[in-house]
Amino acid sequence: MRSPLSWNNRWLWLSLGALALLLTLLWFGGAVTHQLESGSTWNRGPAGYSAWYARLQQQGVAVQRWQQPVGELLAQVAEAEAAGTVTLVAVLPGFVGQGELAQWLPWMGEWLEAGHRLAVLGIQMPVTSAPFAQAIASDWGTVEIHTRRRHGGPHSQMLLGDDYGAVVWTQDQNLLLSATPHLAANAYQQAAGNVALLTAWVTAAEGTVWVDEYLHGYRDEAAIAQELGSDNWLAYLARTPWLLLGVQALFITLVALIALNRRLGPRQAVLEPSVNNSQAYITALAGVLHKASSHDFVVQTLSQAERLTLQKQLGLGETPVTDEQLATAWTQHNGGHLQVLEPILQPIRPRTEAQLKIWLQQLQSLYRPKDLRP
Numbered sequence: 003m004r005s006p007l008s009w010n011n012r013w014l015w016l017s018l019g020a021l022a023l024l025l026t027l028l029w030f031g032g033a034v035t036h037q038l039e040s041g042s043t044w045n046r047g048p049a050g051y052s053a054w055y056a057r058l059q060q061q062g063v064a065v066q067r068w069q070q071p072v073g074e075l076l077a078q079v080a081e082a083e084a085a086g087t088v089t090l091v092a093v094l095p096g097f098v099g100q101g102e103l104a105q106w107l108p109w110m111g112e113w114l115e116a117g118h119r120l121a122v123l124g125i126q127m128p129v130t131s132a133p134f135a136q137a138i139a140s141d142w143g144t145v146e147i148h149t150r151r152r153h154g155g156p157h158s159q160m161l162l163g164d165d166y167g168a169v170v171w172t173q174d175q176n177l178l179l180s181a182t183p184h185l186a187a188n189a190y191q192q193a194a195g196n197v198a199l200l201t202a203w204v205t206a207a208e209g210t211v212w213v214d215e216y217l218h219g220y221r222d223e224a225a226i227a228q229e230l231g232s233d234n235w236l237a238y239l240a241r242t243p244w245l246l247l248g249v250q251a252l253f254i255t256l257v258a259l260i261a262l263n264r265r266l267g268p269r270q271a272v273l274e275p276s277v278n279n280s281q282a283y284i285t286a287l288a289g290v291l292h293k294a295s296s297h298d299f300v301v302q303t304l305s306q307a308e309r310l311t312l313q314k315q316l317g318l319g320e321t322p323v324t325d326e327q328l329a330t331a332w333t334q335h336n337g338g339h340l341q342v343l344e345p346i347l348q349p350i351r352p353r354t355e356a357q358l359k360i361w362l363q364q365l366q367s368l369y370r371p372k373d374l375r376p
């Protein structure tokens, strides 16, 4: 039989469950954050673009990070005098299909219509039979890639590709697309062709190069103030991580219900029942005698005890008396028949349990009101 969990053990399991849930939430949160930072110029990991951004700065290229909605950049460039052609680089956090670009880059059409240049890295293309790891020759040197995705549709110019299709291409003069988001990532900083290809295209217009960091979750003070001060409460609710908050609230509620469960009132300690040693001894002895069929011992012990009890009730004291004295006192006190005293004066020697029961019934008749009267 399994023993119930003690309160301390229950709290131990609850603590372990809370720790497991916390680690799970941290793992999922870390995975989402890590994926969002992929392609960011702040990321120094293999999927980041910090080395490429630093190389542009070393070459004296006018490159800056943009940490606000791109619509604000459009307005800023439109107001600036002689701003010229501006190039914007958007490295997607992962592969994004062309049908989903409008959700990630809603400003894309307006940006191109304004005559600016745009490089989008990470367009999800179909998987082909091309080798996953390849070193492809280009006008800027050997470019290393790790993807089987290729663009096989129409394009203006293929900057990098093979027999299976294009890896990097231009859709028109101002739009560069790449089937991999890791074209010039830190993992390829030793491959001269990777960095050179992207650098050559973004600097071809000799204007300012902007890198979209707002896409990776980075916000400057102006963007944060604008979001916090927004009057659109629906937009605020849409940005709130309700799923994470809901999981945490559910876990806290379950812990509270288990810890504060008081359906029948306050908790009370279960008291151990007191043990009657005399009763326990008598019960144990009776069990032993019954199992051993010691009928003679039972008759002898009970007859002596009952004789002494009857003697006290008749006023003869505790000193043993003769049968004649006991019978005389009985007759004087009750006026009854002496046959009633036979179970005490002449106890039988029962051979069976049935005979023992009959003798016990005769012994009990001594204490009936008609036999013993005050």
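Heads up: take any position in the sequence shown, counting from 1, add 2, and you land on our numbering.
Don't be surprised by glycine CBs; every beta carbon is placed ideally from N, CA and C.
Using a Cβ distance threshold of 7 Å, Leu120 and Trp113 count as a contacting pair. Thr182 is classed as buried because its beta carbon has at least 16 other beta carbons within 10 Å across all chains shown.
Annotated three-state conformation of Ala186 is coil, per DSSP. The beta-carbon separation of Phe134 and Arg150, rounded to 5 Å, stays under the 8 Å limit for a contact.
For the pair Met110 and Gln192, the Cα-to-Cα distance works out to about 32 Å. Annotation for Gly167: Thr130, Arg152, His153 and Gly154 place their beta carbon closer than 7 Å to its own, counting only its chain and skipping 5 residues before and after.
In chain order, Pro349 place their CB closer than 6 Å to the CB of Val301, counting only its own chain and leaving out the 5 sequence neighbours on each side.
Counting along the chain, His335 sits inside the alpha helix (DSSP H) bounded by residues Asp325 to Asn336. Rounded to the nearest whole angstrom, the CA to CA distance from Leu177 to Gln66 is 19 Å. Leu38 and Val257 have their alpha carbons spaced roughly 33 Å apart.
When Ile260, Glu208 and Ser305 are compared, the shortest CA-CA separation from Gly62 is found for Glu208.
By the neighbour-count criterion, in which 16 or more other beta carbons inside 10 Å mark a residue as buried, Thr43 falls on the buried side.
Per DSSP, the beta-bridge partners of Met160 are Trp171.
Secondary structure at Ser180: strand, using DSSP grouped into helix, strand and coil. Judged by their CB atoms, Leu162 and Ile138 are nearer to each other than the 7 Å cut-off. In this structure, Leu179 is the residue among Ser367, Glu223, Leu179 and Glu146 with its C-alpha nearest to the C-alpha of Pro156. With contacts defined by Cβ atoms closer than 7 Å, Leu199 and Trp142 form a contacting pair.
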